[in-house]
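So for the sequence shown, my numbering puts the first residue at 9; every next one is plus one.
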Amino acid sequence: MMFVALGLWGIWILMKWRELPTFSKAVYESMREKKLLSDRVSQEDFQEIFIRTEAPLAASYRWGAALVSLLALPLLIMGFNNLWDFMWRLSGAAPGPLERGYMFNVFMTFMFVMGVTVLFLYAVTSHYYRNAPPSLKSEIRRLEGNDE
9 MMFVALGLWG IWILMKWREL PTFSKAVYES MREKKLLSDR VSQEDFQEIF
59 IRTEAPLAAS YRWGAALVSL LALPLLIMGF NNLWDFMWRL SGAAPGPLER
109 GYMFNVFMTF MFVMGVTVLF LYAVTSHYYR NAPPSLKSEI RRLEGNDE
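(1) Determine the contact status of residue 130 and residue 69, defining contact as a CB-CB distance below 8 Å.
(2) Evaluate the contact criterion for the region 49–64 versus the region 17–31: three or more CB pairs, one atom per stretch, below 8 Å.
(3) Run the CB neighbour count on residue 194, radius 10 Å, all protein chains shown included, and call it buried at 16 or more, exposed below.
(4) What alpha helix (DSSP H) runs, 4 residues minimum, are completely inside the region 107–143?
(5) Would you report the Cα separation of residue 173 and residue 109, rounded to the nearest angstrom?
(6) Here's the rule I'm using: 16 or more other beta-carbon atoms within 10 Å means buried, otherwise exposed. How should residue 127 be labelled?
(7) Between the region 46–54 and the region 142–155, do three or more beta carbon pairs fall short of 8 Å?
(8) What's the gap between the Cα of residue 1 and the Cα of residue 10?
(9) Look up residue 24 in the DSSP assignment and say whether it is helix, strand or coil.
(10) Within a Cβ cutoff of 8 Å, which residues of the same chain sit near residue 78, ignoring the five residues on either side of it in sequence?
(11) Cα separation between residue 95 and residue 124?
(12) Return the CA-CA distance between residue 33 and residue 118, expressed in angstroms with no decimal places.
(13) First and last residue of the alpha helix (DSSP H) that includes residue 166?
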C-alpha cells in the first residue's frame, strides 16, 4: 500500500515537471501583459529561469527520501535486531527483558529506526537548502540587469 501511495505521489511530481515549460509560457505572457517584465527578458531565458526556480525540486527531494526510507526500513530493523542479539549473547544470553521480542527490544528498535530516519531526513533537507535555487524575482532582476 505504501508503494502505491509513493508511486502515485511520484507520478504527480513527474506531471508537475512535465507541465513546467507550458506553464512558464503562460506566466511569461501574463507578466508581459501586466508590464512586470521588460523587453530585455526573452521567452527562452524566462523559461530557463522559471524552470530552474519554480521546479518541484523540494517535492522531488522529499519523494526520493521517502523512497529510500521505505526501502531501508526492513534492513534497518534486521540490522538492529542482529546487533541486539549479538550484544545479548555477549552479555550471557540471560532470559528476561533484554531478550528479543520483549517490550524493551521493541522500543529500542523503534528508537533506532526513528533516529536513523530523522538523521537521514536532516541530511536531505540540509542538502536541499544549501543548494536551493534562487527566487524567480531575483533571477528576473539579474536578467534585466538590475542587480544591486
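Quick reminder that beta carbons are idealized off the backbone N, C-alpha and C, glycines included.
Let me spell this out:
(1) Not a contact, by the Cβ cut-off of 8 Å.
(2) Touching, yes, given that three or more Cβ pairs across the two stretches are closer than 8 Å.
(3) Any property of residue 194 remains undetermined from this structure, which presents the chain solely from 9 to 156.
(4) Here the runs fully enclosed are 111–138.
(5) Limits of the chain in this structure are 9 at one end and 156 at the other, which puts residue 173 out of reach.
(6) Flag for residue 127 reads exposed.
(7) Yes, the region 46–54 is in contact with the region 142–155.
(8) This structure cannot settle anything about residue 1, because the visible part of the chain is limited to 9 through 156.
(9) In this structure, DSSP gives residue 24 a helical state, which the three-state scheme calls helix.
(10) 10, 11, 14, listed in sequence order.
(11) Distance between the alpha carbons of residue 95 and residue 124 is about 19 Å.
(12) Between the alpha carbons of residue 33 and residue 118 lies a gap of roughly 48 Å.
(13) Missing from the structure shown is residue 166; the chain here goes from 9 to 156 and no further.
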